[in-house]
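Chains as they are written, first to last, in the numbering used here: chain A, 1 to 331; chain B, 332 to 662.
Yeah, the Cβ is synthetic: ideal placement off N, Cα and C, and Gly gets one too.
Bear in mind that the values here come from a model prediction, so they are computed numbers and not experimental data.
The structure under discussion appears below in the form of structure tokens.
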DNA sequence: CTGAAAGCGCTTACAG
DNA sequence: CTGAAAGCGCTTACAG
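Structure, rendered in structure tokens:
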């Protein structure tokens, strides 16, 4: 590689490395370095194809200009897109992003935090796992800049960017109610995470208001055995003496699997059962009828989170911010 | 943060930082450090919660234990998955991955290479853009370890991992021929990249063998205006006096858009037109009929590429390897 | 106002 | 065989 160092440039021009650093970083204000000399340094650096070594800079300055991103499931298109927008936006601040994945495992989240810490990221953007609260609290205690994404914890000691889960879920349920559904089921995945609870609560509120709420309409599935659980849940729901006429799926993955199950059971959507989904999937576009869904503002979520994090990095006293973005019902 | 440095540990134990480094990196062979002392050092490091600073290590050792990954379109699920498997596998070598995206722009690819170089990645995994050959050659000239993914260039001076595009495309076309299709169209996107050419050539070979080849059946679309181009192409194909009865879509994205266009035109698959796709989409599962597709071994591709790259990093004289993995026709 | 020196946290080549 | 010193490439606090 034989890469050119700042000293090489300095030697060539006949000044100290410090002067070169000052000029190239635009810190030669107050006429500290004459414009003629500065110009000469810049030209020589260009001619020699000098590229700063980020590692050395980071080690010395204590700033790596790197963000550590930890998502719960990168194979989920929602998180993949989120990662994409985060990276695009971070680039505008000259920040790089190291993306890591936990597969919803708190153990892996701990490992990823350790790796990113050893790489001296300036801050964290995290979609936390269930039970990940202690790990987050540890980062907070160490005064490490951090913004949570999509999910959050009851103890509001960390900034977050999420969507209005409660309100949008209520709207989604109301959509089915307005289509004259009476027995609307809700399938969500078992977790203590609040965003999922809020979705369920929104559903319950809408159903209760119409006096149609029945606890047996709610089915919980496990993340690890989701497909089988959904299959079992739907089977129970349709074989009940009072058949269901609608389903509100609480997430992207649940929706896709749920629609597959319905197809396998030869249940037609929306003829036999009407459906509404939380989050979009390219799959919907191709199904024989268009399916209503709650659209999350994913680019906005990523961008806002980056903005908040950069602000925290630059100002350790930046206030906590809890941001709920509007998700829209599309149909 | 007040993080613990190697010197803090050394001071506490009463030895030099060098000795601590030796012990913790397992380089105290030949009884260089007595087992008792080594044990004491390890215990103290644990007790003090010492975590090495990767930046300092990388700066000194010249190895960042980081891979730079450059993909052409992270919003494409194929590449998103590829990135995921690469990361999972790299972790086994204690390597981190910085994922970047080019949106098929060579200009952006140049920028990403510069960023990753300044971060001193040990090697590159690249899904190159069209016209990206010069940039690749520059890396090769600088003896930087590099493995191409999915795509490759005529001048075989870089290792790559790809799939057998020609053979699997031929098989896909044969599938439609065996279903008694006579006028099978092929929609691919305009590029000089060889992987796409190979897919077209496989299609042509299969059609020619049955004396059914007609150049007007091949439609080229542009990456930037893909949806409109596909719409126009299909309109032309179906309004031709000899109507088509089959389509082979050359990529993931083309397939999804193509199926949407067919749906909008009220053309039923497979009743009116039979279809086969290169690459899978969750969308297929939900369409009213299951759609045959060529399944790429994405996890294997990611893992093999990481293996090859690590080998190059560890041995600058490692031979070039051109690997074609088997893609399977699923129906 | 400006240059030379110190030092970020490591690892490794080199004296003793 | 083993310890202390040099140095990776930068930036910044500190003398002059």
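- Taking 8 Å as the CB threshold, residue 53 of chain A lines the interface with chain B.
- Taking all protein chains shown into account, residue 77 of chain A has 16 or more neighbouring C-beta atoms within 10 Å of its C-beta and is therefore buried.
- C-alpha of residue 281 of chain A to C-alpha of residue 256 of chain A: approximately 8 Å in a straight line.
- Nearest C-alpha to residue 67 of chain A among A:173, A:164, A:117 and A:201: A:117.
- Assignment of beta strand (DSSP E) within the stretch 196-283 of chain A, counting only whole runs of 3 or more residues, yields 218-221, 246-249 and 274-278 in chain order.
- By the neighbour-count definition (other C-beta atoms within 10 Å, threshold 16), residue 229 of chain A is a buried residue.
- Bounds of any alpha helix (DSSP H) do not take in residue 517 of chain B; it lies within the beta strand (DSSP E) bounded by 515-520.
- Taking the Cα of residue 518 of chain B as reference, the smallest distance to any Cα among B:644, B:541, B:535 and B:479 is reached at B:535.
- In terms of CA proximity to residue 488 of chain B, B:464 leads the group B:495, B:464 and B:500.
- Secondary structure note for residue 655 of chain B: its beta strand (DSSP E) is the uninterrupted segment 653-656.
- Taking a Cβ-Cβ threshold of 8 Å, the residues of chain B close to residue 115 of chain A are 427, in chain order.
- Here residue 199 of chain A is actually not in contact with residue 284 of chain A; their C-beta atoms are around 18 Å apart, not less than 8 Å.
- By alpha-carbon distance to residue 322 of chain A, the top candidate from A:152, A:23 and A:10 is A:152.
- In the DSSP assignment, residue 626 of chain B is bridged to B:659.
- Taken in chain order, the complete alpha helix (DSSP H) segments of 4 residues or longer contained in the stretch 380-423 of chain B are 385-392 and 408-423.
- Here residue 451 of chain B is buried, its C-beta having at least 16 other C-beta atoms within 10 Å.
- Between residue 306 of chain A and residue 433 of chain B, the alpha-carbon positions lie close to 20 Å from each other.
- The beta carbon of residue 564 of chain B sits closer than 7 Å to the beta carbons of 518, 550 and 552 from its chain, once the five residues preceding and following it are set aside; these are given in chain order.
- Against residue 413 of chain B, chain A offers no close residue; the least beta-carbon distance is about 11 Å (beta-carbon pairs closer than 9 Å).
- By the C-beta density criterion, residue 25 of chain A is exposed, having fewer than 16 other C-beta atoms within 10 angstroms.
- Contact between the stretch 337-356 of chain B and the stretch 371-387 of chain B is present: three or more C-beta pairs spanning the two stretches fall below 8 Å.
- The beta-carbon of residue 110 of chain A is placed no less than 8 Å from the nearest beta-carbon of chain B.
- It is roughly 47 Å from the alpha-carbon of residue 605 of chain B to the alpha-carbon of residue 472 of chain B.
- A direct Cα-Cα distance of roughly 45 Å separates residue 269 of chain A from residue 443 of chain B.
- In the DSSP annotation of this structure, the continuous segment of the alpha helix (DSSP H) that includes residue 166 of chain A starts and ends at 165-178.
- A buried status is given to residue 404 of chain B, since no fewer than 16 other beta-carbon atoms sit within 10 Å of its beta-carbon.
- For residue 162 of chain A, the beta-bridge partners assigned by DSSP are A:324.
- Within the DSSP bridge table, the entry for residue 125 of chain A names A:69 and A:147 as partners.
- When CB distances to chain A are screened at a threshold of 8 Å, the residues of the stretch 590-613 of chain B falling below it are 590, 591, 594, 612 and 613, in chain order.
- Counting along the chain, residue 106 of chain A sits inside the alpha helix (DSSP H) bounded by residues 106-118.
- At a cut-off of 8 Å, the C-beta of residue 59 of chain A has a neighbouring C-beta in chain B.
- When Cβ pairs closer than 8 Å are counted between the two stretches, the stretch 417-429 of chain B is seen to touch the stretch 625-637 of chain B, the count reaching three or more.
- Take the alpha-carbon of residue 377 of chain B and the one of residue 297 of chain A: they are about 44 Å apart.
- Proximity of residue 626 of chain B to chain A, defined by a Cβ-Cβ separation below 8 Å, is not satisfied.
- Under the Cβ criterion of 8 Å, residue 563 of chain B is not counted among the residues facing chain A.
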